[in-house]
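Participant: Going down the list, the protein sequences come from chains A and B.
Under my numbering, the first residue of the first sequence carries the number 22, and numbering increases by one thereafter.
Under my numbering, the first residue of the second sequence carries the number 22, and numbering increases by one thereafter.
Just so it is clear, CB atoms sit at the ideal spot from N, CA and C, and this is done for glycine as well.
Take this structure first; my questions come after.
There are 2 protein chains.
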Amino acid sequence: MSEKERALAARTVLQQCLRARLQVRPAGERSEAEFVQMDRGTVLYICFFKGATDDILPKMVSTLLNLRLCEADSGKLSSLLELPGSLLIVPQATLGGEAKGRDVQYHTDISKEDGLRLHSAFVSLCEQEVAKAGPTVRHGSYGNRQVLSLDTNGPFTHLMEF
Amino acid sequence: MSEKERALAARTVLQQCLRARLQVRPAGERSEAEFVQMDRGTVLYICFFKGATDDILPKMVSTLLNLRLCEADSGKLSSLLELPGSLLIVPQATLGGEAKGRDVQYHTDISKEDGLRLHSAFVSLCEQEVAKAGPTVRHGSYGNRQVLSLDTNGPFTHLMEF
């Protein structure tokens, strides 16, 4: 693994969608599963690495929300804030995996405790920024299985690392 | 950008799914859109970089099909070949994007001509390998918009670079 990879604080994958639905609470013995959903917008899969700190969050949020990745009705590329589109944040620790032989290891992933803290802070920052533009922010429950359904008009999958 | 990134031949993102449907031909004036679909398996988004050659393909296919990323009914992690699950290959040139200011540039992506050739060869190799195990390989049309719908039980998104 290169030094650059070791120094990564976070890895994100972005996909554009027309509709998305994410389970935020699994069904219990006496309760049905709970979901959040959104229409047009961006699904953001996110994973923090060991050593990541809060310092990185403002730049991440600013970059991710202002990148021109979304297709406006005109066909022109716009940012999520410009569109404006909704945002679904999916914690995805698997994104930090590295192949070792046929297995995948997650040794460079942040601890669950620190990951939860950073994830919550990241969501809050996104909510603050997106609230100004009108659209909504939805997010998965950190540590849970991310049961997700997605309808896209072309996911335009992008990788952004910080 | 680091030297390592420059030397990358391909970037893939993998997601586990329960069902997936991908448009392979858009609707025409007199024809309906055509789709391929699969049930349980892996969606593989793939992008080749400038300088990639056929030499990389056997290793890529072997790695991707044999990595233990899929959840078997037992809960144990299995490879796609072991499961056995189906494979949906989605050409996704956007994966090669790099942020420059608020825009995303694709300067390191392979040319369309070479990309189509490598994509076709990659699909053929996957078909050969997967056919031995039973499940099916589906794939998008290179260069088309990848209209995709996905139902997951947790996408377990992974990044694998070659």
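So, at 6 Å on beta carbons, what are the nonlocal neighbours of I77(A) in its own chain, with the 5 sequence-adjacent residues on each side left out?
Facilitator: For this step, residue 77(A) is matched to residue 56 along the first sequence. Within the same chain, I77(A) has close Cβ partners A30, F183.
Participant: Classify Y66(A): buried if its beta carbon has 16 or more other beta carbons within 10 angstroms, exposed otherwise.
Facilitator: Counting from 1 along the first sequence, the entry for residue 66(A) is found at position 45. Under this definition Y66(A) is a buried residue.
Participant: Taking beta-carbon pairs under 9 Å, can you tell me which members of the segment 58-87 of chain A lie near chain B?
Facilitator: Against chain B - using a Cβ distance shorter than 9 Å - the residues of the segment 58-87 of chain A are Y66, C68, T84, N87.
Participant: Is the beta carbon of R191(A) sitting closer than 7 Å to the one on S100(A)?
Facilitator: Residue 191(A) lies beyond the residue range present for chain A, which begins at 22 and ends at 183; the question has no answer from this structure.
Participant: Go ahead and label E150(B) buried or exposed: buried means 16 or more other beta carbons lie within 10 angstroms of its beta carbon, across all protein chains shown.
Facilitator: Along the second sequence, read from residue 1 onward, the residue named residue 150(B) stands at position 129. So E150(B) ends up on the buried side.
Participant: State the start and end residues of the unbroken alpha helix (DSSP H) segment that holds A152(A).
Facilitator: For the purposes of this step, residue 152(A) is taken as the residue at position 131 of the first sequence. Here the alpha helix (DSSP H) through A152(A) covers 133-154.
Participant: Determine whether the Cβ of L116(A) lies closer than 7 Å to any Cβ atom of chain B.
Facilitator: Numbered from its first residue, the first sequence carries residue 116(A) at position 95. L116(A) counts as touching chain B.
Participant: Inspect the CB distances between the segment 129-142 of chain B and the segment 80-94 of chain B and report whether three or more fall short of 8 Å.
Facilitator: Judged by Cβ distances under 8 Å, the segment 129-142 of chain B makes no contact with the segment 80-94 of chain B, as fewer than three pairs qualify.
Participant: For T63(B), is the classification buried or exposed, using 16 other Cβ atoms within 10 angstroms of its Cβ as the cut-off for buried?
Facilitator: By one-based count along the second sequence, residue 63(B) stands at place 42. By the neighbour-count rule (16 or more Cβ atoms within 10 Å), T63(B) is buried.
Participant: Please return the same chain residues whose Cβ sits closer than 8 Å to the Cβ of V111(B), not counting the five positions on each side in sequence.
Facilitator: Reading the second sequence from its first residue, position 90 is the one you call residue 111(B). Cβ neighbours of V111(B) beyond the five flanking positions: L43, V64, L65, Y66, I67, H160, G161, Q167, L169.
Participant: Using a cut-off of 8 Å between C-beta atoms, extract the partners of V34(A) located in chain B.
Facilitator: Along the first sequence, one-based indexing puts residue 34(A) at 13. Neighbours of V34(A) on chain B, chain order: V34, T178, L180.
Participant: Taking all protein chains shown into account, decide if Q36(A) is buried (16 or more other Cβ within 10 angstroms of its Cβ) or exposed.
Facilitator: Sequence index remark: in the first sequence, residue 36(A) carries index 15 (1-based). Buried.
Participant: Which partner residues of R32(A) appear in the DSSP bridge assignment?
Facilitator: As a position in the first sequence, residue 32(A) is number 11, starting the count at 1. Answer is C68(A), E182(A).
Participant: Figure out for me which residue from F69(A), T84(A), L109(A), A114(A) has the closest Cα to the Cα of E119(B).
Facilitator: Walking along the second sequence from the start, residue 119(B) turns up at place 98. Nearest option by C-alpha distance: T84(A).
Participant: Any idea which residues DSSP pairs G62(B) with across the strands?
Facilitator: Start at 1 with the first residue of the second sequence, and residue 62(B) comes out as number 41. C38(B), S107(B), per the DSSP bridge assignment.
Participant: Between D130(A) and chain B, is there a C-beta pair that is closer than 7 Å?
Facilitator: Reading the first sequence from its first residue, position 109 is the one you call residue 130(A). For D130(A), the answer is no, since every Cβ of chain B falls outside 7 Å of its Cβ.
Participant: Verify the CB distance criterion: does G175(A) have a CB-CB separation below 7 Å to chain B?
Facilitator: Within the first sequence, numbered from 1, the residue matching residue 175(A) stands at position 154. Yes, G175(A) lies at the interface with chain B (some Cβ there is under 7 Å from its Cβ).
Participant: If you follow the beta strand (DSSP E) that L171(B) is part of, which residue opens it and which one closes it?
Facilitator: Indexing the second sequence from 1 puts residue 171(B) at position 150. Segment 169-172, the beta strand (DSSP E) holding L171(B).
Participant: Give the straight-line distance between the Cα atoms of Q58(A) and T157(A), rounded to the nearest whole angstrom.
Facilitator: For the purposes of this step, residue 58(A) is taken as the residue at position 37 of the first sequence. For the purposes of this step, residue 157(A) is taken as the residue at position 136 of the first sequence. Going from the Cα of Q58(A) to the Cα of T157(A) covers about 10 Å.
Participant: Around the C-beta of D130(A), are 16 or more other C-beta atoms found within 10 angstroms, so that it is buried, or is it exposed?
Facilitator: Indexing the first sequence from 1 puts residue 130(A) at position 109. By the 10 Å Cβ count, D130(A) comes out buried.
Participant: Does any C-beta atom of chain B lie closer than 7 Å to the C-beta of V45(A)?
Facilitator: Looking up residue 45(A) in the first sequence gives position 24. It does not: the Cβ of V45(A) has no partner Cβ on chain B nearer than 7 Å.
Participant: Quick check on S170(B) - is its C-beta less than 7 Å from some C-beta in chain A?
Facilitator: Along the second sequence, read from residue 1 onward, the residue named residue 170(B) stands at position 149. It does: the Cβ of S170(B) has a partner Cβ on chain A nearer than 7 Å.
Participant: P112(A) by DSSP, collapsed to three states: which one?
Facilitator: For the purposes of this step, residue 112(A) is taken as the residue at position 91 of the first sequence. If DSSP states are grouped into helix, strand and coil, P112(A) belongs with the strands.
Participant: Determine the DSSP secondary structure at L102(A), reduced to helix, strand or coil.
Facilitator: As a working mapping, residue 102(A) is identified with position 81 in the first sequence. L102(A): coil per DSSP, three-state reduction.
Participant: Just verifying my parser: in three-state terms, what is the DSSP assignment at K121(A)?
Facilitator: Residue numbering aside, residue 121(A) sits at position 100 when the first sequence is read from its first letter. Looking at K121(A) - three-state DSSP - the assignment turns out to be strand.
Participant: S100(B) versus chain A: which residues are under 7 Å apart at the beta carbon?
Facilitator: Translated into positions along the second sequence, residue 100(B) becomes position 79. R123, listed in chain order.
Participant: Is A48(B) buried or exposed, if buried means 16 or more other CB atoms sit within 10 Å of its CB?
Facilitator: Within the second sequence, residue 48(B) is the residue found at index 27, counting from 1. Per the 10 Å Cβ criterion, exposed.
Participant: Helix, strand or coil, according to DSSP, for Y163(B) in the structure here?
Facilitator: Indexing the second sequence from 1 puts residue 163(B) at position 142. It is coil, neither helix nor strand.
Participant: My understanding is that T178(B) touches T173(A), with C-beta atoms under 8 Å, so please give their C-beta distance in whole angstroms.
Facilitator: Start at 1 with the first residue of the second sequence, and residue 178(B) comes out as number 157. Start at 1 with the first residue of the first sequence, and residue 173(A) comes out as number 152. Rounded, the Cβ-Cβ distance is 15 Å, inconsistent with contact.
Participant: Quick one: grab the DSSP three-state call for L86(A).
Facilitator: In the first sequence, the residue the question calls residue 86(A) occupies position 65. Here L86(A) sits in helix by DSSP.
Participant: Is the beta carbon of L171(B) less than 7 Å from the beta carbon of A41(B)?
Facilitator: Taking the first residue of the second sequence as 1, we reach residue 171(B) at position 150. Taking the first residue of the second sequence as 1, we reach residue 41(B) at position 20. Contact: yes.
Participant: Thinking just about the alpha-carbon of each residue, which of V144(B), R123(B), R46(B), A73(B) is nearest to the one in L109(B)?
Facilitator: Along the second sequence, one-based indexing puts residue 109(B) at 88. The shortest Cα separation from L109(B) among V144(B), R123(B), R46(B), A73(B) belongs to V144(B).
Participant: Starting from the beta carbon of Q113(B), find every residue of chain A whose beta carbon is closer than 7 Å, and list them in chain order.
Facilitator: Within the second sequence, the letter at position 92 stands for residue 113(B). Within chain A, the residues near Q113(B) are T178.
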